[in-house]
Amino acid sequence: MKEELMKVHGLKTYFYTRQGIVKAVDGVSFEIGKGETFGLVGESGCGKSVSALSVMRLVPDPPGKIVSGDILFKGKNLRITNEDEMRKIRGSKISMIFQDPTSSLNPVMKIGDQILESIQEHQELDKAKAKEKAVELMDSVGIPNPSLRFAEYPFQFSGGMRQRIMIAMAISCNPDLLIADEPTTNLDVTVQAQVLDLIRNISRSDNVSVLLITHNLGLIAWLCDRVAVMYSGKIVEHANVEALFADARHPYTKALLECIPRLGEKDTKGLRVIAGRVPNLIDLPPGCRFHPRCPYSVGMCAKEEPEAIEVASGHSVSCHLVDKSMKGK
Amino acid sequence: MHALLEVRDLQKLFPVASGVIFRKVHGWVHAVDGVSFSIGEAETLGLVGESGSGKTTTGRLVLGSIKPTAGKVFFEGQDLTTMTKEVMKKARKGMGMVFQDPTSSLDPRKTAANVISEPIEIHKAFDQHEKEERIVELIEEVGLGPEHLGRYPHEFSGGQLQRIAIARALALKPKLIVADEPTSALDVSVQAQILNLIHNLQERFRLSYLFISHDLSTVRYISHRVGVMYLGKLVELARSEDLFSNPQHPYTAALINVVPVPDPKEMKSKMKEILRGEIPSPISPPKGCRFHPRCSQMKPRCKEIEPELQEIGKDHYVACHLE
Amino acid sequence: MKSLRSLYRPGSEMRTIVTMLKKNRFGIGGLIVVIAFLTIAILAPFLAPYDPIEMHLDKRFVPSSSEFLLGTDEFGRDTLSRIIYGARVSISISVTTVAMAMFVGVLIGSISGYYGGKVDFIVMRFVDIFNAFPALLLALGIITVLGRGIEKLMLVLPILFWPEYARITRGLALYLKKMDYVEAARVFGSSKLRVVLNHILPNVLPTSIVIGTFQLGSAIITETSLSFLGLGVNPPMPSWGNMLTNSREYILRAPQLAIIPGMVITIVILGFNLLGDALRDALDPRLRI
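Residue numbers (the working numbering), protein chains in the order written: chain A, 16 to 344; chain B, 786 to 1108; chain C, 46 to 334.
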């Protein structure tokens, strides 16, 4: 594994609501290496977005609170860093892009000015130099005629272009880590490919680590070096990408892989379905959170929460059935 | 023998206008520009494309929600485009619709029972007792139970809402259902459930579907035949297996190329060549073949003349100048 | 098997609304105030200890005493009785005003918003015309022509209040028009009118009712203002507004004559507003736990 850039250990983020405590992230640990692309994958409500927000200390408080855990980044523990320090880190050392670029951009402000804002927030450059840099950035993310389009407004750009602008803003201060939360979910599939290709190139050329959050396993297969699968606030499986797709061990991961319609062969049997529904995060089942829907669950699954067990180098699974060495099915 | 649904040279242009009393039209959006296809009984035609392709507008034209600028829609042999309102209302019984967003396709103030029975009430199709029986029948058909009938939409998950929407679409025993991105707003595991349901209903009731989606994998799975749309035109139409194993149009090939699949090796080899450029504005589509500005195999002819949809193999049509 | 009717008739929704209302303490407070107000108004003849216009000239400006619980005014009339009868005036005016304004405004707004196009354009210009007049001046103008009195007020006030309904329901109708379930109804063969009655109005009604509760308060204030200006209810018939007017002259000598009606007005309006807030929350199916 590459040199470690960030280590998240035992992260717990809870939301305190009138209906009860929502344990959105409940003991999550992972590491991201320098220049590495790490994927956090899961369905809605699994806690992947909240994990990212926790790392950035952007969880709304109230009602949310990072209850415990460590977020080690370049010698600092971000969980206990004060807000002033965090502001210096956000946008310059760690930056984030979101799913909907339209709502992240100010509709009444020129694009160029918005990029300038993010540059000047963290760097001491005079206006002329900053503008030069902004235009350069727009060019590097593939916006045609950047010096002309500098003065245009967000509505004059397409969705894909807006996301590129967000990326430009995110990399303007040469961050070490770029967090991308469902960056292409709202985009057309060809535009998605272009935008992710751009992120991939930036990661390689500037040695930027990427934390990619998505529900799309195909994107993980393409872009990520290592991946963690989340379910109901926990990481159920953690491996490098080849290992996950070739040898998934957790029943949820396996089920997820089997219920995706494939482009290659026509499946005549019908898609494998995961029975039941995602549990209510306020009222979680005892023991393993997946056990009510798991076709292999045994008595212990309903009683004890499984620990993460290493089944191969860099591949760990949180499942009681794993130490009985189940191969294949 | 008629096909269940036949669409001929369908065209829809939306005006781009300003002003309320004195309207001035600046241009036209070529949403759908000469599209033809047919759907047979118990068949699913998938319509796939990106934004601006016109697939959603095509769905609405088929349903009669909007009237075409030109072209014809034949349903069970009858021309929908020239019908009066009363006749149209009767014809509507044969079609159902399922929308993308289950949270906005159900009235939040109506219970599941109200929602499902709405088509029945509009057409006064059954008497009270039969209606109640039918509602129970329908809710069970989609995998829920009578206990769900009295609940409101906010009490259901996305997948359940979509099931209710499907039950509503089935209320009057239609022959054709137009489904516009029915699974796009759902989680992956729930998508699988709904796709299976759609498939089973087809087998049980010999239903046909016009399945509109941007997701090629889903379309591949559920459709017998697939049509690929780009900027208002149908660029390729073929049987599902043929389209995906042997795409003829450069756009189809490019689309298939960028679909993410859960296979790291395949992804790394696929993504070497990614389609460049953006979809042009449908207000002023490119002259000649609409795809030519982005096509890696473009020839001079492509800039001038629009290609027609031609049969190049068994049940395989392409609109392209290259052979 | 139990009949399905119970599952989807409005009855079950009523019960849920009441349950929701019960949970909101401010709303309960508001409801109590409103019910008290209504009871007092309706039962006025049985509750008032004296005839409100009867003068006791030997006992003028009496502050609160055992004989006159809230004291007497400049003509020796019992303040408590005048307050109680004043409630009658307020309620009759406010309820009729709001009922008429709501009926006209909601219907016009919904149709205008849903049908759109030229219909909408013309109707909205009409609403604009009404809105352009400052409410009080318009009322003044009409009353000057028609004369004073409670019946005239009941004609004038709805004219002032219906545009607000029309505007708000139109905005709502415009938003609702885009909802997929509206389109679904049309796809399944529903006529436009049926869509308005079945989908637009029910979704517009909760907001309208909430506006109604606030408007009840506004109507009372408008009547109070008009009476204060001498244009509303004719003396000697008491209204909270003209009680305030009359108290102006004597404010240093007997401030209670101004304070008491003022406080009563404040409490009643507050009650309506709190109830309106609670109703809005209770009627939103999504907030139901």
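Note that the Cβ used here is the ideal one computed from N, Cα and C, for glycine as well.
The structure presented is a predicted model; accordingly, all values stated were derived computationally and were not measured.
- In the structure shown, A:Y311 falls within a coil segment according to DSSP collapsed to helix, strand and coil.
- Taking 8 angstroms as the cut-off, the Cβ atoms of B:R1005 and B:L982 do not count as close.
- Taking C-beta atoms under 8 angstroms as the contact rule, A:L226 and A:I104 fail to qualify, at a distance of about 14 angstroms.
- At a cut-off of 8 angstroms, the C-beta of B:D892 has no neighbouring C-beta in chain A.
- In its chain, beyond the 5 residues on either side, A323 have a beta carbon closer than 6 angstroms to the beta carbon of C:N69.
- Apart from the 5 residues on each side of it in sequence, C:P203 sits with its Cβ closer than 6 angstroms to the Cβ of T142, M145, A146 in its chain, given in chain order.
- Under the Cβ criterion of 8 angstroms, C:S235 is counted among the residues facing chain B.
- Counting along the chain, the unbroken alpha helix (DSSP H) around C:R325 starts and ends at 301–328.
- In the three-state scheme derived from DSSP, where H, G and I count as helix and E and B as strand, A:M153 is classed as helix.
- Here B:W813 is bridged, per DSSP, to B:P800.
- In the DSSP assignment, A:F88 falls within the beta strand (DSSP E) that extends over 79–88.
- Interface with chain A (8 angstroms Cβ-Cβ cutoff): B:T1003 is included.
- Here C:M100 is not near C:R133, since their CB atoms are 8 angstroms or more apart.
- Nearest C-alpha to A:K125 among A:H137, A:K108, A:K146, A:F113: A:K146.
- Here DSSP, grouped into helix, strand and coil, assigns B:Q987 to helix.
- About 6 angstroms separates the beta carbon of C:L319 from that of C:G72, a gap short enough to meet the 8 angstroms contact definition.
- The beta-carbon of B:R919 is placed no less than 8 angstroms from the nearest beta-carbon of chain C.
- Excluding the 5 residues flanking it on each side, A:L272 has same chain C-beta neighbours closer than 8 angstroms at L232, F260, A263, in chain order.
- Taking a C-beta distance under 8 angstroms as the contact criterion, B:I951 and B:H984 do not qualify as a contact pair.
- For C:V201, the CB contacts under 7 angstroms within the same chain, skipping 5 residues up- and downstream, are A184, I187, I188 in chain order.
- Proximity to C:S284 across C:I138, C:Y95, C:F113, C:V255 peaks at C:I138, based on C-alpha coordinates.
- Under the DSSP assignment, B:E918 falls in the alpha helix (DSSP H) whose first and last residues are 913–926.
- Boundaries for C:I153: no beta strand (DSSP E) harbours it, while the alpha helix (DSSP H) harbouring it runs 124–160, taken from the DSSP string.
- When Cβ-Cβ separations below 8 angstroms define contact, C:R231 makes contact with chain B.
- Just so you know, the alpha carbons of B:S838 and B:V792 end up roughly 17 angstroms apart.
- DSSP links B:D1100 through a beta bridge to no other residue.
- A:I297 places its beta carbon 8 angstroms or farther from that of A:D191.
- Shown here, A:A263 sits in coil according to DSSP, grouped into three states, outside any helix or strand.
- As DSSP reads the structure, A:H330 sits in a beta bridge with A:A327.
- Neighbours of A:I275 in chain B, taken as residues whose beta carbon is under 8 angstroms from its own, are V973, A977, S1002, P1047 in chain order.
- Under the three-state reduction of DSSP output, B:Q863 falls in the strand class.
- Below the 8 angstroms Cβ cutoff, chain A contributes L278 as neighbours of B:I1041, in chain order.
- Interface residue (Cβ-Cβ distance to chain C less than 8 angstroms): B:I851 is not classified as such.
- Listed in chain order, the positions of the region 1058–1082 of chain B with a beta carbon within less than 8 angstroms of a beta carbon of chain A are I1059, L1060, R1061, E1063, I1064.
- Secondary structure note for B:V847: its alpha helix (DSSP H) is the uninterrupted segment 840–848.
- Proximity of chain A to B:L980 at the Cβ level (cut-off 8 angstroms) is accounted for by P276, L286, in chain order.
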